[in-house]
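To convert, count from 1 in the sequence shown and add 489; that's the working numbering. Structure first, commentary second.
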Amino acid sequence: MIQRLYEQDAKGIVDEDLIDEVGVSFLARIQSIERVGDALSGQAHCPHCDETIDHPMEKEAWIECEPCRWRITWDDYHRSFRGKYLAASGIKPFLREFADSYPRAQTPRQRLILIDNLIHRFHWELGNTPGATGAKNLIGGKTDDLFNFLEQLAYGDASTPELVETREK
Numbered sequence: 490m491i492q493r494l495y496e497q498d499a500k501g502i503v504d505e506d507l508i509d510e511v512g513v514s515f516l517a518r519i520q521s522i523e524r525v526g527d528a529l530s531g532q533a534h535c536p537h538c539d540e541t542i543d544h545p546m547e548k549e550a551w552i553e554c555e556p557c558r559w560r561i562t563w564d565d566y567h568r569s570f571r572g573k574y575l576a577a578s579g580i581k582p583f584l585r586e587f588a589d590s591y592p593r594a595q596t597p598r599q600r601l602i603l604i605d606n607l608i609h610r611f612h613w614e615l616g617n618t619p620g621a622t623g624a625k626n627l628i629g630g631k632t633d634d635l636f637n638f639l640e641q642l643a644y645g646d647a648s649t650p651e652l653v654e655t656r657e658k
């Protein structure tokens, strides 16, 4: 999906639906990453009513939502996201910036540049941090495959001069 977005852009095709598909999927993933961060800080989110629930992080402790009566043990709740690469690590400010800016972007081009800036930050992180997790958490894949994919996006033929210019900043 991301590669197709860049290929379309390189051909001068503005595919607003594809831009939004990528952007909205990033927003959903960012929300999941933030919710996992909250849960690991002692504040779970109820999946039914979105209530924030303070909880101890003890395996057998119950997380209970008063308004809708949903409940689960911390261990079961934790297992629901364990191993799904939902940690923000050092990219949390970049994710928040994207989540705040993307809905306010007024044109497809502005949204595409926000997507590209976020991907470029991952590319930089992967190139400078062994085992970097930012891109893996948002995009998915093995680190080596992801690095090669991002290298191809950054330096391959599927890039317009405008996107190359934003990367050089």
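We put the CB at the ideal spot given by N, CA and C, even for glycine.
Notebook entry, point to check: Any chance the CB of residue 574 is under 7 Å from a heavy atom of the ligand FMN?
Noted result: Although the ligand FMN was asked about, the structure shown includes no ligands whatsoever.
So, helix, strand or coil for residue 502, using DSSP? In the structure shown, residue 502 sits in coil (DSSP, three-state: anything other than H, G, I, E or B).
(message) Does residue 559 come out as helix, strand or coil in the three-state DSSP assignment?
(response) coil
Is it buried or exposed for residue 512, if we count other Cβ within 10 angstroms and need 16 for buried? buried
Beta-carbon spacing of residue 610, residue 583 below 8 Å
Taking 8 Å as the Cβ cut-off, residue 610 and residue 583 qualify as a contacting pair.
To which residues does DSSP link residue 543 through a beta bridge? 532
**Message:** I want to know whether the segment 523-537 touches the segment 572-588 - three or more CB-CB distances under 8 Å.
**Reply:** Result yes; three or more Cβ-Cβ pairs closer than 8 Å.
- Query: Taking C-beta to C-beta, are residue 600 and residue 502 nearer than 8 Å?
  - Reply: If you check the CB distance, residue 600 and residue 502 do not come in under 8 Å.
Practice task
For the alpha helix (DSSP H) containing residue 586, list its first residue and its last residue.
Solution key: 581-590
*From the beta carbon of residue 536, is the nearest beta carbon of chain B less than 8 Å away?*
In summary, chain B is missing from the structure at hand, where a single protein chain is found.
Review point. Can you check whether the CB of residue 553 is closer than 8 Å to the CB of residue 560?
Key: yes
Endpoints, beta strand (DSSP E) assigned at residue 553 = Boundaries of the beta strand (DSSP E) around residue 553: 551-553.
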